[in-house]
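What follows is a set of notes on a single structure, which appears directly below.
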Amino acid sequence: MDYKAAVAQCVNKRIGEAFSADAGNFPETVEIPPDPNMGDFAVPCFPLSKLLRMAPQAIAAKLADSLAAPEGFTRVESAGGYLNFFLDRTRYAQDIVTKVNAQGENYAGGNEGEGKVVVIDYSSINIAKRFHIGHLSSTMIGHSLRRIYEHLGYRCIGVNHLGDWGTQFGKMVAAYKRWGNREQVEKGGVDALTELYVRFNQEAEHDPALENEGRACFKAIEDGDEEALAIFNWFKDLTLKDAQRVYDLLGVTFDSYAGESFYNDKMDRVVDELREKNLLVESDGAYMVDLEAEGMPPCLILKKDGATLYSTRDIAAALYRKDTYDFYKCLYVVAYQQDLHFKQWFKVVEKMGYPWAGDLVHVPFGMVSFEGQALATRKGHVVYLDDLLNQAVAKARATIEEKSPDLPNKDEVARKIGVGAAVFFDLYNNRIKDIDFYFERALAFEGETAPYVQYSRARCCSVLAKVKDTKTPPDWSALANEEAQAVVRALAAMPEVVREACQRNEPSMITRHVVDIAQTYNHYYFEHRILTDDAPATAARVALTRAVEIAVKTCLYLIGVEAPDKM
RNA sequence: GCGCCUGUAGCUCAGCAGGAUAGAGCAACGGCCUUCUAAGCCGUGGGUCAGGGGUUCGAAUCCCUUCAGGCGCGCCA
24 MDYKAAVAQC VNKRIGEAFS ADAGNFPETV EIPPDPNMGD FAVPCFPLSK
74 LLRMAPQAIA AKLADSLAAP EGFTRVESAG GYLNFFLDRT RYAQDIVTKV
124 NAQGENYAGG NEGEGKVVVI DYSSINIAKR FHIGHLSSTM IGHSLRRIYE
174 HLGYRCIGVN HLGDWGTQFG KMVAAYKRWG NREQVEKGGV DALTELYVRF
224 NQEAEHDPAL ENEGRACFKA IEDGDEEALA IFNWFKDLTL KDAQRVYDLL
274 GVTFDSYAGE SFYNDKMDRV VDELREKNLL VESDGAYMVD LEAEGMPPCL
324 ILKKDGATLY STRDIAAALY RKDTYDFYKC LYVVAYQQDL HFKQWFKVVE
374 KMGYPWAGDL VHVPFGMVSF EGQALATRKG HVVYLDDLLN QAVAKARATI
424 EEKSPDLPNK DEVARKIGVG AAVFFDLYNN RIKDIDFYFE RALAFEGETA
474 PYVQYSRARC CSVLAKVKDT KTPPDWSALA NEEAQAVVRA LAAMPEVVRE
524 ACQRNEPSMI TRHVVDIAQT YNHYYFEHRI LTDDAPATAA RVALTRAVEI
574 AVKTCLYLIG VEAPDKM
């Protein structure tokens, strides 16, 4: 049952009777008191005070005196202008715990997204660059949002919008033709490509002719020159294979790798359409959409040499995605530096007359720096993701040796813990916050971390594995105590948390909540023994433990973290 | 110069479509393993919620303003 709604309904009805029908229609807010001793739900009577011309304390008192506790509640009290409702704790525990266990991994899910498609553009790596910690946020926020939306019934299309177009790739091919060879690149992989690119830029400073060579090579790729295209595609292949190792480790998948080059032949449509709709303005030989009326700088569409730009491609991609997937929403998980860029081209799509422009959503996140300084590949001030993950796994492996030397499949568990720690760290704070990356923080295994939550759940599994009696009906009054109620409340809050995380595109809400569940359960665990001789009470405590195990696993799944049964 | 974002405990941050004494983790200090996993639990100390105005019965939360930091502002992506 919906306890909150029951409270609101009951209060409004009583107000209508006690005062006036008008007052009865007053929208009551139902909140949760700061301290459970004050009540489980509360209705503040302050807003009514003006309408009824009575002191809020008097209103609350009058209502409390005459109000019969609604179904599911034991009593109603007034305190300082608040009307406080006390749950029938036994019934509440039974209700929530039974529900979690019945719904299992679908708990806190739903079907409100049925028939709706959400396209999520995330990770979106650049060709010829190694995967580093700066790419983790987009990758994991996108991956998590995908799971959150799917949990609520949406169909998701994960798109890795590859950065695989631009003069830089001509430079890279030119550099390869000058100084590279097959063996060196096969051996060195993406790093070898980066080296070639860096060398090209260095030498180009003294030899401007190189720039032209780079441009010519890119032109060759564009024109479909066989040799240039073969080299470029080979580079792309290498990069994707390299990234795939990381994606495999993270458990991240995509439905499409259609990147910038994919839209190369789809941009004329954008330019033509903008021209037809009289939105293109010429300026210094370049073409743009004027956005002065919207208080924004203009959105450049064509360079003066006729080449397209970032915005042109993004618009082309949006049109293609709408045609192909008919999305309900299209999310762009891209760092906040590009706020203006997205605002601009979203507006351009709107001006083109597409009502679905409002379904394009930029999901921005903060910058990643490393030990107080901006990431800089060329200066070597960078942390590659596979290095981070490998270190995390190695640390987990060492901790396992120390604490659980007899554990089977140690490598598997170490992977889940190590990778989980890094991912959890990335999704722990509101995504808009900058992350200053320190190994000691990202690899912490204590406190509000993945290993803490995973450990709490593994302990649940361990207790559950010892359960023999599965027939005795539970005595739910065993869960009426304060500690158990805190766990029940945390479980009960999960559906609302998942929905809000979805609505706000904010995975950290789930990360925070799973810590909450783990903390309340750990507290309970130390105050109450689960398995005792009292069979009915044991059955209730076991049911609570199972519900926690399920809820924690589900939350972790939603943020892309695996949960080992033993650790 | 203009625009957007951020500012809460020593550190990292929750809380911000207004509500009851401002929370957590880390760090520090002190406790708890012969009973279900101590990667855990309990306790102690620690705050002019950046400053100043305003709105309100009530402001960390809303509005204005100042300050500090970050990001961005037509031919890169």
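The first sequence maps to residues 24 to 590 in our numbering. For each residue, glycine too, the CB sits at the ideal point set by N, CA and C.
In the DSSP assignment, find the alpha helix (DSSP H) that holds residue i and state where it starts and stops.
i: I533; result: 531-550
i: N224; result: 205-229
i: A198; result: 190-202
i: P474; result: 473-488
i: D111; result: Taken as a continuous stretch (DSSP letters only), D111 belongs to no alpha helix (DSSP H), as it is neither H nor E.
i: D295; result: 290-299
i: S306; result: That residue, S306, is in no alpha helix (DSSP H); its beta strand (DSSP E) goes 303-306.
i: F258; result: 249-273
i: F49; result: First-last for F49: undefined, no H or E at that position.
i: P518; result: 505-526
i: L233; result: 232-245
i: G39; result: 26-41
i: E463; result: 462-465
Taking 7 Å as the limit between beta carbons, can you name the residues of its chain near residue i, skipping five residues before and five after?
i: W398; result: Sequence inspection shows Leu at residue 398; the Trp mentioned does not correspond to that position. H155, G157, V391, S392, H404, V405, listed in sequence order.
i: W368; result: C322, S334, D337, I338
i: L106; result: V34, A65, V66, C68, A83, L86, A87, V99
i: A515; result: I119
i: L383; result: A341, C353, F369, V372
i: T493; result: none
i: K27; result: V53, F64
i: Y461; result: E394
i: K289; result: A339, Y343
So residue i is in the beta strand (DSSP E); what residue range does that whole segment cover?
i: Y355; result: 352-356
i: M311; result: 309-312
i: I385; result: The sequence given here has His at residue 385, not Ile. That run of the beta strand (DSSP E) goes 383-386.
i: L342; result: L342 -> not in any beta strand (DSSP E); alpha helix (DSSP H) instead, spanning 333-348.
i: L600; result: Nothing about residue 600 can be read from this structure; the chain reaches only from 24 to 590.
i: I455; result: From DSSP, I455 is part of no beta strand (DSSP E); its letter is neither H nor E.
Go through its chain and collect everything with a Cβ distance to residue i's Cβ below 8 Å, but skip five positions before and after it.
i: L332; result: L323, I324, L325, K326
i: P530; result: M163, I164, S167, L168, I171, L450, R454, A524, L581, I582
i: V486; result: I553, L554, V565, T568
i: D214; result: R153
i: P9; result: In the structure as shown, the chain begins at 24 and stops at 590. Residue 9 is therefore absent and cannot be evaluated.
i: D265; result: R153, F154, G212, V213
Use the C-beta contact count for residue i: other C-beta atoms within 10 angstroms, 16 or more gives buried, fewer gives exposed.
i: F365; result: buried
i: S479; result: buried
i: S146; result: buried
i: N528; result: buried
i: F96; result: buried
i: W499; result: buried
i: P431; result: exposed
i: Y475; result: buried
i: F388; result: buried
i: Q207; result: exposed
i: V646; result: Lying before the first or after the last residue shown, residue 646 is absent from the chain, which here runs from 24 to 590.
i: G136; result: buried
i: D295; result: exposed
i: M24; result: exposed
i: D144; result: buried
i: H229; result: exposed
i: N129; result: exposed
i: P378; result: exposed
Ignore the nearest five residues each way along the sequence and tell me which others in residue i's own chain have a CB closer than 6 Å to its CB.
i: W188; result: E283, S284
i: A465; result: A445, F448
i: F223; result: K194, A198
i: P93; result: A29, C33
i: D409; result: V269
i: E245; result: none
i: A473; result: G443, A444, F447, V584
i: V490; result: V565
If I'm right that residue i touches residue j with Cβ under 8 Å, what's the distance once you round it to whole angstroms?
i: Y407; j: R153; result: 5 Å
i: V30; j: F108; result: 5 Å
i: L219; j: G203; result: 6 Å
i: I180; j: Y348; result: 5 Å
i: C578; j: H536; result: 6 Å
i: F49; j: L74; result: 7 Å
i: V123; j: I573; result: 6 Å
Where are the alpha helix (DSSP H) runs, 4 residues long or more, that stay fully inside the region 548-584, in chain order?
558-581
Go through the region 62-100 residue by residue and report every complete run of the alpha helix (DSSP H) that reaches 4 residues or more, in order.
69-75, 79-89
Ranges of the alpha helix (DSSP H) found wholly within the region 116-200, counting only runs of at least 4:
159-174
Which runs of the beta strand (DSSP E) fall wholly inside the region 372-447 and span at least 3 residues, in chain order?
383-386, 391-393
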